[in-house]
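Asks: Below you'll find the structure I mean.
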Amino acid sequence: MPKLICQHTLKLNCSFPWLICVLVNLLALNTHAQTIPPVPKQVSLSADLSVKELTISWFGGAASTFDLIILRTEFNTSVFYDTISATINQASGRHEWKWTSAEPLECTSLSVRIRSRDGLATSEWSKINTFRGRDLPSINTLQMYPQDRVVEVGSNMTFCCIVEEGKTFKEMLYGNTIMNVTRLSRRSYATTLVNVEPTGVSGSNIVCRLKDLSLTGAVMFVGYPPLPSDFVCETQDLKSAECHWKEARDSHLTGERRRTRYSVNSRNCNVDSQLTCRLPLWDGNWTLMAENSLGHYSLSDSAELIHRVRPVAPVNLSSIANAWNATVIWQWTYESYFTLDLNCQVESTNHESKTLHVFSGVGLRSVKLSGLHPDQAYTVRVRCGDQKYFWKWGDWSQTFSFKTQTDVPDPPDVWMWMNKDRTGLVVWKPLDYQQSHGRVTGFEVTLWNPEDVEQHTQILPPNTYSVQVNLTEMASLGVNKKVFATVVVKNIKGASPPSRVPLRFIDEQPLVLSKPVFTNNGFFLFWQQNATNTCNYLVEWLDTSCEHDCPVKWIRVAAGSTNVSIESENFKPGVRYNFSLYSCPSDSPQLIKRWQGYTQELVPSRSVPLSVKSQDSKVVITWGEIPLSDRRGFVLGYNVYISNGSELALLADALILEMLGALGTITILLIIVTFICYKKRNCMVHIVEKPERDFNKETLVVIPEEEEYFEKDEPVDTDEPMSLRYYNQVVDDRPIRPRFPGSSASSASSLDSGHTDVTYTGIQTSGSSLVFQPDPQGSSEEQPPEVVRYDGGYKPQMHPKVLSDDVVLKSSNPFQESEAASSVGYKPQCSWHLDSPTDTAETGSLAPSLGSPTSVASTQFLLPDGDGDEKNKQQPSSAAATWFSNLLLSSKP
Amino acid sequence: MADRRTRSMKSSNLSRTAVNRASMIALQLQGESSKLLELYRQKESFPADVTDGRLVSVPPPSSQLDTRDKLWRLHSALLQTQSLLERAITKEEEELGGGIKGEYENQRKTVKGRLSFLLLTTGNLLKAVDGAASLTPSLEGLELDGPTTLFQLKLWLLQVFSEVHHWSRAAVTTLQELLTNAADKQSSTTRVRSTRSARR
Numbered sequence: 001m002p003k004l005i006c007q008h009t010l011k012l013n014c015s016f017p018w019l020i021c022v023l024v025n026l027l028a029l030n031t032h033a034q035t036i037p038p039v040p041k042q043v044s045l046s047a048d049l050s051v052k053e054l055t056i057s058w059f060g061g062a063a064s065t066f067d068l069i070i071l072r073t074e075f076n077t078s079v080f081y082d083t084i085s086a087t088i089n090q091a092s093g094r095h096e097w098k099w100t101s102a103e104p105l106e107c108t109s110l111s112v113r114i115r116s117r118d119g120l121a122t123s124e125w126s127k128i129n130t131f132r133g134r135d136l137p138s139i140n141t142l143q144m145y146p147q148d149r150v151v152e153v154g155s156n157m158t159f160c161c162i163v164e165e166g167k168t169f170k171e172m173l174y175g176n177t178i179m180n181v182t183r184l185s186r187r188s189y190a191t192t193l194v195n196v197e198p199t200g201v202s203g204s205n206i207v208c209r210l211k212d213l214s215l216t217g218a219v220m221f222v223g224y225p226p227l228p229s230d231f232v233c234e235t236q237d238l239k240s241a242e243c244h245w246k247e248a249r250d251s252h253l254t255g256e257r258r259r260t261r262y263s264v265n266s267r268n269c270n271v272d273s274q275l276t277c278r279l280p281l282w283d284g285n286w287t288l289m290a291e292n293s294l295g296h297y298s299l300s301d302s303a304e305l306i307h308r309v310r311p312v313a314p315v316n317l318s319s320i321a322n323a324w325n326a327t328v329i330w331q332w333t334y335e336s337y338f339t340l341d342l343n344c345q346v347e348s349t350n351h352e353s354k355t356l357h358v359f360s361g362v363g364l365r366s367v368k369l370s371g372l373h374p375d376q377a378y379t380v381r382v383r384c385g386d387q388k389y390f391w392k393w394g395d396w397s398q399t400f401s402f403k404t405q406t407d408v409p410d411p412p413d414v415w416m417w418m419n420k421d422r423t424g425l426v427v428w429k430p431l432d433y434q435q436s437h438g439r440v441t442g443f444e445v446t447l448w449n450p451e452d453v454e455q456h457t458q459i460l461p462p463n464t465y466s467v468q469v470n471l472t473e474m475a476s477l478g479v480n481k482k483v484f485a486t487v488v489v490k491n492i493k494g495a496s497p498p499s500r501v502p503l504r505f506i507d508e509q510p511l512v513l514s515k516p517v518f519t520n521n522g523f524f525l526f527w528q529q530n531a532t533n534t535c536n537y538l539v540e541w542l543d544t545s546c547e548h549d550c551p552v553k554w555i556r557v558a559a560g561s562t563n564v565s566i567e568s569e570n571f572k573p574g575v576r577y578n579f580s581l582y583s584c585p586s587d588s589p590q591l592i593k594r595w596q597g598y599t600q601e602l603v604p605s606r607s608v609p610l611s612v613k614s615q616d617s618k619v620v621i622t623w624g625e626i627p628l629s630d631r632r633g634f635v636l637g638y639n640v641y642i643s644n645g646s647e648l649a650l651l652a653d654a655l656i657l658e659m660l661g662a663l664g665t666i667t668i669l670l671i672i673v674t675f676i677c678y679k680k681r682n683c684m685v686h687i688v689e690k691p692e693r694d695f696n697k698e699t700l701v702v703i704p705e706e707e708e709y710f711e712k713d714e715p716v717d718t719d720e721p722m723s724l725r726y727y728n729q730v731v732d733d734r735p736i737r738p739r740f741p742g743s744s745a746s747s748a749s750s751l752d753s754g755h756t757d758v759t760y761t762g763i764q765t766s767g768s769s770l771v772f773q774p775d776p777q778g779s780s781e782e783q784p785p786e787v788v789r790y791d792g793g794y795k796p797q798m799h800p801k802v803l804s805d806d807v808v809l810k811s812s813n814p815f816q817e818s819e820a821a822s823s824v825g826y827k828p829q830c831s832w833h834l835d836s837p838t839d840t841a842e843t844g845s846l847a848p849s850l851g852s853p854t855s856v857a858s859t860q861f862l863l864p865d866g867d868g869d870e871k872n873k874q875q876p877s878s879a880a881a882t883w884f885s886n887l888l889l890s891s892k893p
Numbered sequence: 001m002a003d004r005r006t007r008s009m010k011s012s013n014l015s016r017t018a019v020n021r022a023s024m025i026a027l028q029l030q031g032e033s034s035k036l037l038e039l040y041r042q043k044e045s046f047p048a049d050v051t052d053g054r055l056v057s058v059p060p061p062s063s064q065l066d067t068r069d070k071l072w073r074l075h076s077a078l079l080q081t082q083s084l085l086e087r088a089i090t091k092e093e094e095e096l097g098g099g100i101k102g103e104y105e106n107q108r109k110t111v112k113g114r115l116s117f118l119l120l121t122t123g124n125l126l127k128a129v130d131g132a133a134s135l136t137p138s139l140e141g142l143e144l145d146g147p148t149t150l151f152q153l154k155l156w157l158l159q160v161f162s163e164v165h166h167w168s169r170a171a172v173t174t175l176q177e178l179l180t181n182a183a184d185k186q187s188s189t190t191r192v193r194s195t196r197s198a199r200r
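Heads up: the protein sequence lines correspond to chains H and L, in order.
In terms of the UniProt record's numbering, the first sequence opens at residue 1 and continues consecutively.
In terms of the UniProt record's numbering, the second sequence opens at residue 1 and continues consecutively.
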């Protein structure tokens with residue numbers, strides 16, 4: 001247009017104004033030529049669908065800046081509009097620029113236009129160029145993009161679904177989650193997964209569903225690039241290399257196409273579950289390359305061959321076995337090992353016990369194992385390592401078994417039991433596999449004395465562990481001669497060295513019998529050390545009730561020992577055991593100390609044999625001793641109770657004896673009886689009637705209280721009977737419920753009529769059971785004082801529960817408590833618990849003992865005798881109390 | 001009675017005990033394949049209402065088919081199913097990754113074994129009916145078409161497992177039918193004999 005104006009002006013005049021016009025027009029023309037860049041031509045589009053990248057190229061002349069707009073063709077929505085700087089491809093001379101789409105390029109068609117820009121001046125837009133998506137009407141199928149994609153954890157992924165013409169989109173699912181969807185075109189829908197997490201085996205599915213329930217989908221694998229670690233190479237044949245590594249993390253990429261592939265020094269490694277690669281020669285330097293769909297990683301290692309020797313497993317193991325040692329021999333797969341300085345471990349197993357032997361040597365191929373036992377099966381295995389440059393232990397060889405040869409047995413452990421009549425038993429312990437050294441074929445027992453040549457030998461079969469001897473039948477042995485028994489064990493290899501034991505009746509009784517402490521670990525025995533004794537000790541034990549041919553057990557104890565713990569599975573509760581400590585058991589056994597004890601004391605298994613005799617106005621109760629095997633615990637003493645069938649009352653506390661008499665009056669007697677009962681001695685109680693009391697149905701009960709037996713200065717036993725005279729002194733008239741333990745049921749059966757019971761009281765209350773608590777309601781000054789009978793050697797074990805305030809506080813005697821606390825003697829095990837405090841309160845101080853599991857009752861009828869009733873009525877109660885107190889105090893040790 | 005039952009199907013040399021045994025195996029396979037389908041759907045989070053097409057092609061069922069044809073049709077279908085299942089397992093291991101032995105993999109192995117057992121049993125039944133006839137599976141139309149995506153592979157696996165389940169049910173039905181027909185024939189034979197005896 002300016003041109004036209006200029007030409008028109010020229011025709012009008014050619015003066016100075018014309019010149020100005022020409023200059024202005026020239027300036028204008030010049031300016032116009034600089035500000036209008038050329039329109040980009042021959043725009044072309046190419047795509048890399050796998051990375052969603054669109055490459056745009058064009059001829060743009062000299063321009064380097066362009067405006068670029070990308071639209072979704074169908075909806076004409078802009079996805080990119082910006083000014084870009086494009087470079088010229090030197091080969092083609094075209095400008096080129098790459099754009100990465102958020103969605104897969106197949107999702108929908110994209111239209112591209114470009115214009116050149118020079119500052120503010122821009123060219124016209126180029127013609128529209130379209131990259132065709134898969135949502136074209138001509139492609140009328142249900143589709144999903146992208147397919148089978150592998151992405152790294154944490155990525156964002158966009159998927160699109162192209163529905164068929166005429167079909168209606170319903171939803172897109174990731175697993176079971178319905179995703180938010182963006183519509184890209186008439187048929188295309190997209191969804192984006194943000195920050196994806198690792199997928200499991202077979203990947204994750206993104207499913208596109210239509211209203212008609214048809215569906216399509218795509219599988220995505222999310223994982224990590226490889227991350228190998230611990231890459232090392234070593235040799236076993238001293239020639240080739242075997243490289244190992246680990247994967248520090250799971251790539252989560254499964255399937256043949258996605259799994260990580262490895263190569264070492266560019267050699268592909270066929271890796272399965274073992275991450276190992278074998279190379280035929282020792283390169284000295286190695287590079288591991290790990291690669292998968294998401295990336296690659298390399299690691300290096302370098303080493304000298306001699307520093308990386310991991311020996312192969314020894315093969316072809318064999319042995320040369322002796323009785324006490326064996327030579328184990330093996331072979332190496334490679335001859336090169338013959339010059340290798342090796343360190344080898346030999347693991348031998350015998351009876352599930354493993355021993356590790358270590359040997360070293362050049363080319364080691366055999367070792368001698370010592371410390372073995374004869375006639376034993378051993379299993380061995382061997383592994384080695386380089387001694388000079390130890391790298392790793394090699395593999396264990398296959399196990400190999402052998403058996404050592406037999407040898408003569410060890411001498412047996414022999415002891416004896418002699419009866420008073422010069423008969424007895426020679427006993428010995430079975431030999432275990434470490435002593436027999438082969439199968440035992442028999443035993444040989446010889447009786448002899450040092451002065452005679454003649455010997456009496458007996459051959460016994462295996463599995464015989466005792467033999468009876470009768471020295472009286474062996475005339476040559478003589479009555480007073482010292483006789484020995486010698487026992488020899490034989491196996492197929494020969495006879496063992498002999499073991500001997502002197503045969504003599506050891507009738508010594510120690511001054512005192514101790515009580516051992518029994519714990520879960522057995523009986524704990526201790527004794528004073530005798531400096532002069534240099535012999536070994538022997539502790540023997542047996543059931544105390546056994547008297548003839550007793551199955552004695554024993555254990556040997558080293559000289560200088562002062563204690564031993566005796567354990568046995570055969571110990572039974574309620575059985576009293578004798579433990580005897582002998583010195584020099586093989587030559588001249590001397591009894592050092594003797595103990596008696598129970599693992600657990602039980603209630604006696606039978607009642608006290610009881611008889612009652614009336615004498616004038618008195619009743620004399622007499623009873624005998626319970627046989628030892630039935631006592632099942634140490635007898636603490638006896639209590640005498642009277643029962644009327646429904647109630648049981650301690651005579652000394654509140655006993656009312658009711659007797660039928662000619663006068664028709666009933667006498668009530670209250671006598672407290674506690675006295676000592678010694679072995680082999682009968683006890684008697686004299687009961688004096690009180691005429692005014694009803695004696696009709698009352699009965700007497702005698703309860704054993706305490707057995708004075710152990711470690712006392714006074715004599716252990718006395719045959720003198722004991723007699724006590726009881727008067728109808730009321731001390732505590734509270735009734736005691738007649739409770740009989742199961743073991744005393746036989747004696748309880750007579751409770752339905754007037755009778756007398758003798759009841760064994762609980763050992764749990766050694767002190768307290770003998771402490772008679774004054775009745776807070778009925779006490780008087782005339783009551784006998786609290787009496788404690790206490791044996792310093794034996795302290796019955798109180799169950800902790802018994803030591804509740806309700807009970808212990810009643811045992812107010814400080815002597816008893818201090819003694820109990822300082823006790824180190826035997827404490828019988830007892831699980832019996834006292835009744836509740838309520839019961840205790842109801843039954844008074846006698847409750848802990850009467851009717852306890854460790855008491856037993858005997859009953860006898862009390863027959864009234866009218867003579868003297870009147871006289872007895874006159875007995876002042878205060879006098880009786882005084883007498884009884886004195887009696888009890890006098891019996892206190 | 002046992003002898004009589006055996007004789008009741010003697011016209012076609014088909015042991016009723018053998019049919020009953022095959023029926024029991026089919027019933028087991030039905031339960032196991034149902035569980036396999038359920039495990040697979042769970043594993044792949046496939047909706048339960050995913051439509052599945054048929055892969056096995058056999059002549060359509062008809063009431064006109066005799067025992068031999070019914071057995072032949074069933075056996076042929078089971079052969080194709082077995083071929084499909086074996087290929088499916090191989091393909092799944094290759095393309096989607098294996099090595100893991102979970103509940104799904106164990107169930108898949110169980111179904112494969114049971115299907116083989118059922119095939120052996122129905123093959124013996126067919127031999128009993130049709131002499132030494134042997135069938136080789138026709139793999140026509142069973143190929144997985146061209147390049148496929150992993151999702152298509154997964155859908156195909158679902159179809160294969162559905163096919164195993166479908167044909168296990170069909171086996172139960174067919175074998176039960178054979179048993180029922182045999183029982184009917186026996187009762188009618190007994191009736192005729194009874195009538196003849198009565199006339200005499």
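In this text, a Cβ means the ideal position worked out from N, Cα and C, and glycines have one as well.
Quick caveat, the model's predicted, so the values are computed rather than measured.
Rounded to a whole number of angstroms, what is the C-alpha to C-alpha distance between residue 334 of chain H and residue 263 of chain H?
Replies: 28 Å
Asks: Looking at residue 52 of chain H: is its Cβ nearer than 7 Å to the Cβ of residue 101 of chain H?
Replies: yes
Asks: Might you give, ordered along the chain, the residues of its own chain that have their beta carbon closer than 7 Å to the beta carbon of residue 416 of chain H, omitting 5 neighbours on each side?
Replies: The residues are 424, 425, 426, 427, 485, 501 and 503.
Asks: Would you identify the three-state DSSP class for residue 244 of chain H, choosing helix, strand or coil?
Replies: strand
Asks: Which partner residues of residue 502 of chain H appear in the DSSP bridge assignment?
Replies: Beta-bridge analysis with DSSP links residue 502 of chain H to H/484.
Asks: Using the rule of at least 16 other Cβ atoms within 10 Å of the residue's Cβ for burial, across every protein chain shown, is residue 16 of chain L buried or exposed?
Replies: With 16 or more other Cβ atoms within 10 Å, it is buried.
Asks: Taking only the alpha-carbon atoms, compute the straight-line gap between residue 430 of chain H and residue 575 of chain H and give it to the nearest angstrom.
Replies: 25 Å
Asks: Report buried or exposed for residue 122 of chain L, applying the criterion of at least 16 other Cβ atoms within 10 angstroms of its Cβ.
Replies: buried
Asks: Give the straight-line distance between the Cα atoms of residue 85 of chain L and residue 175 of chain H, rounded to the nearest whole angstrom.
Replies: 25 Å
Asks: Measure the beta-carbon distance from residue 85 of chain H to residue 65 of chain H and round it to whole angstroms, keeping in mind my assumption that it falls under 8 Å.
Replies: 6 Å
Asks: Under 7 Å, Cβ to Cβ, is there at least one residue of chain L near residue 218 of chain H?
Replies: yes
Asks: For residue 411 of chain H, which residues from the same chain have a beta carbon less than 7 Å from its beta carbon, with the 5 sequence-adjacent residues on both sides left out?
Replies: 496, 497, 498 and 499
Asks: Does residue 456 of chain H come out as helix, strand or coil in the three-state DSSP assignment?
Replies: It is a strand residue.
Asks: Since residue 409 of chain H and residue 489 of chain H are thought to touch, with beta carbons under 8 Å apart, how far apart are those beta carbons, to the nearest angstrom?
Replies: 4 Å
Asks: How many angstroms separate the CA atom of residue 124 of chain L from the CA atom of residue 72 of chain L?
Replies: 11 Å
Asks: Would you kindly work out how many angstroms separate the C-alpha atoms of residue 584 of chain H and residue 346 of chain H, rounded to a whole number?
Replies: 43 Å
Asks: Going by beta-carbon coordinates alone, are residue 540 of chain H and residue 554 of chain H separated by less than 7 Å?
Replies: yes
Asks: Who are the near neighbours of residue 130 of chain H in its chain, counting only those whose CB is closer than 6 Å to its CB and skipping five residues on each side?
Replies: 73, 109 and 111
Asks: Between which residues of its own chain and residue 318 of chain H is the CB-CB distance below 6 Å, once the five residues before and five after are set aside?
Replies: 329
Asks: Can you tell me whether residue 75 of chain H is buried or exposed? The criterion is at least 16 other CB atoms within 10 Å of its CB, across all chains shown.
Replies: exposed
Asks: Tell me the rounded alpha-carbon separation between residue 148 of chain L and residue 332 of chain H.
Replies: 54 Å
Asks: Closer than 8 Å by beta-carbon distance: list the chain L residues that pair up with residue 147 of chain H, in chain order.
Replies: 149, 150 and 151
Asks: Within 7 Å (strictly less), CB to CB, does residue 25 of chain L reach chain H?
Replies: no
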